[in-house]
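These notes are about the structure you will find just below.
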Amino acid sequence: MIYGGRSGEHEVSVASAASIIRHLDRTRFDPVPIRIEKDGRWTLADKPPMSVSAAEVLEHGRLDVARPAKSRRETFLVAHPGDDTLVTVERRDLADPRQADNSAMVTGLGLDVIFPVLHGPYGEDGTVQGLLELANVPYVGAGVLGSAVGMDKAVMKTLFAAAGLPIVPHMVVIRSQWERDAPALTARAAATLTYPVFVKPANLGSSVGISKAKTHEEFAAAMTLALQFDRKIVIEAAVPNAREIECGVLGNDAPEASIPGEIVPSREFYDYEAKYLDEGSTPIIPAPLLESQVRDVQRLSIEAFRAVDGAGMSRVDFLLARDTGAMYVNEVNTIPGFTTISMYPRMWEASGLPYPSLIDRLITLALERHAEKQHLRTSIT
Ligand SMILES: Nc1ncnc2c1ncn2[C@@H]1O[C@H](COP(=O)(O)OP(=O)(O)OP(=O)(O)O)[C@@H](O)[C@H]1O
Ligand SMILES: [Mg+2]
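Here you go:
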């Protein structure tokens, strides 16, 4: 299990990993916790993560910084097929470099399957998946392409539109355009999308860097914030009085959709605080929808999953306009949250698939996809 990561969703990932480990069938699986630190180094954790809520992880994070590091087992994924998937270098007593001796113990470890429990860039975006492809090790979830387009909201919307899926009106702006002519872009956003609009970093999650803007001033502030996280920004018309509907997808070539759920955010919109910190948001499973709406959500979820070349799992989010009943596909998350408040495992639980069996299925799907790939030729001779 790889968790943590060099992204704004590091803490959410640690909580997701802790929750998965807690529900893992230990008679079948022996978890090896691989932690990606915030600075990007991979370490073989002394013990698996315990805190299953992002708020707790944030608190512990603050404490962690104060505590001196014991010996750290830095680990490296071997980027070619072979017996050893991981090579670990254990140096002694890093706390005081003057005392550190240079001896290091190097060990290799073969892994049967990897569960990347990483959210956001440098983990959910195809980068880690690329490394796992090079290592030729089975892994849970979407491949390189599905992860990359599942992460990039701008490309994802292009694929949704090409697949004829209902999406909200939007525009995409990159940093150099904004720096060249912010007033013209502000005027265009206000004219074509009309306020309020949502401003989002194209490649991120957990609502990090997302704002709702109702005026030119708020729009400029929203762009400044989003550009701190990405060079590409997606600006969307706000769905008025929106309901937040979510649906789980599970499978490879024959994906299934779960019973849809609904989130009633505790704040104006489902921002980071409403998701992970104030615990006031209310999940409703099953979502109170008409039978025809349930069928639409499930059908559109599978179409969205296929449009991004999904594999294994995804959570598809929808925005439902309360007044008109218009349903929009908002986005696909290829590595959904698995924290205590997360909808993905809960929606499958409500669909008759308990959490431990869900993990089993995800690992089986990973092994199936890998086995199929072993039949492909990698040489012309
Ligand atoms: N066009 C929109 N109209 C109304 N509300 C919106 C719109 N876009 C986003 N939101 C609000 O912002 C929240 C976060 O947006 P979105 O799901 O796109 O971001 P995210 O960072 O990928 O979130 P996550 O991956 O955690 O689901 C939504 O759950 C919703 O509350
Ligand atoms: Mg997302």
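Going by the working numbering, the sequence shown opens with residue 10, and the numbers climb by one from there. Glycine included, each C-beta is placed from N, C-alpha and C at the ideal position.
Within its chain, find whatever has a CB closer than 7 Å to the CB of residue i; leave out the 5 residues flanking it on each side and keep chain order.
i	result
Q237	G218
G155	V317, D318, G319, A320 and T343
L174	L309, E312, A313, A316 and V338
E188	none
I176	K166, F169, A170, Y337 and V338
E340	K162, M165 and D326
I268	I294, P295, M356, A359 and S360
A88	L140, L143 and A144
A231	V208, S220 and A222
P204	For the record, residue 204 in the displayed sequence is Tyr; it is not Pro. Result list for Y204: A222, K223 and T224, in chain order.
G59	According to the sequence displayed, residue 59 carries Met and not Gly. Excluding positions up to five away in sequence, the list reads A27.
F278	K221
N44	The sequence shown places Arg at residue 44, not Asn. The residues are Y12, G13, T52 and A54.
L299	none
By Cβ distance, which residues of its chain are closer than 8 Å to residue i, with the 5 residues on each side in sequence left out?
i	result
I29	M10, F124, V126, F347 and I368
I179	For clarity, residue 179 is His in the given sequence; the question names Ile instead. So the list reads K166, L202, V243, I244, E245 and A246, once near-sequence residues are dropped.
D34	P365, I368 and D369
T373	none
R197	M180
Just how far apart, CA to CA, sit residue i and residue j?
i	j	result
K79	L53	Any reading at K79 must be qualified, since the residue scores a pLDDT of 49, below 50, and its modelled position is unreliable; the value itself is stated next. Taking the straight line from one Cα to the other gives about 13 Å.
T36	A335	47 Å
G119	R370	22 Å
A163	V115	43 Å
A375	D262	12 Å
A75	E381	Because A75 sits at a pLDDT of 48, beneath the cut-off of 50, its placement in the model cannot be relied upon, and the point is left open.
H384	R378	11 Å
A27	T387	37 Å
W51	D332	49 Å
S22	K223	32 Å
R82	P264	38 Å
P77	F85	In this prediction, P77 has a pLDDT of 48, which is less than 50 and means its spatial position is unreliable; what the coordinates show is noted afterwards. Cα to Cα, the separation comes out at about 23 Å.
P90	V146	7 Å
E192	A211	The sequence shown places Pro at residue 192, rather than the Glu named in the question. Computed Cα separation, rounded: 21 Å.
Y285	T390	53 Å
L234	F38	42 Å
L328	A251	6 Å
I254	E65	26 Å
V206	V41	43 Å
K56	A199	51 Å
G49	L213	17 Å
T195	V122	48 Å
D92	G117	9 Å
R276	D190	33 Å
P354	G135	23 Å
E20	L67	6 Å
L362	S185	47 Å
R15	G260	28 Å
A172	A330	21 Å
V96	E288	40 Å
Please look up how many angstroms separate the CB atoms of residue i and residue j, rounded, as I've assumed it's under 8 Å.
i	j	result
I183	R240	6 Å
E46	G17	No, E46 and G17 are not in contact; Cβ-Cβ is about 15 Å, not under 8 Å.
V153	L168	Their Cβ separation, rounded to whole angstroms, is 15 Å, which puts V153 and L168 out of contact at 8 Å.
P297	E271	7 Å
V208	S216	The Cβ separation is near 12 Å, so there is no contact.
T94	A144	6 Å
V258	S323	5 Å
V61	R31	6 Å
A113	V98	5 Å
Excluding the 5 residues flanking residue i on each side, which residues of the same chain have their C-beta closer than 6 Å to its C-beta?
i	result
V25	Note that residue 25 is Ser in the sequence shown here, rather than Val. Hits under 6 Å: V126, G346, F347 and T348.
V149	F124, G321, L371 and A375
M273	Met is not the amino acid found at residue 273; the sequence shown has Val there. The answer, listed in chain order, is T291.
A266	C256, V258, Q307, S310 and I311
A283	P274, S275, R276 and S290
D280	S216
M160	E133, D134 and N212
**Message:** With three or more beta-carbon pairs closer than 8 Å as the criterion, would you say the segment 340-359 touches the segment 219-236?
**Reply:** Result no; under three Cβ-Cβ pairs closer than 8 Å.
**Prompt:** Are there three or more Cβ pairs, one per stretch, closer than 8 Å when the segment 302-311 is compared with the segment 130-144?
**Reply:** The answer is no - the segment 130-144 does not touch the segment 302-311, with fewer than three Cβ pairs under 8 Å.
**Item:** Segments of 3+ residues assigned as beta strand (DSSP E) that fall wholly inside the segment 246-271
**Value:** Segments of the beta strand (DSSP E) lying fully in the segment 246-271: 251-260.
**3-residue-minimum beta strand (DSSP E) runs that sit fully inside the segment 178-211, ordered along the chain** = Whole beta strand (DSSP E) segments, 3+ residues: 179-183 and 206-210.
**Item:** In chain order, each alpha helix (DSSP H) run of at least 4 residues that lies wholly inside the segment 113-187
**Value:** List check, alpha helix (DSSP H) in window: 136-144, 153-160 and 162-171.
**Request:** Mind listing, in chain order, the continuous alpha helix (DSSP H) runs of no fewer than 4 residues lying wholly within the segment 320-373?
**Result:** Counting only runs of 4 or more, we get 352-359.
**Request:** Could I get the ranges of all uninterrupted alpha helix (DSSP H) runs contained in the segment 15-48, with 4 residues as the minimum, in chain order?
**Result:** Fully enclosed alpha helix (DSSP H) runs of no fewer than 4 residues occupy 19-32 of the segment 15-48, in order along the chain.
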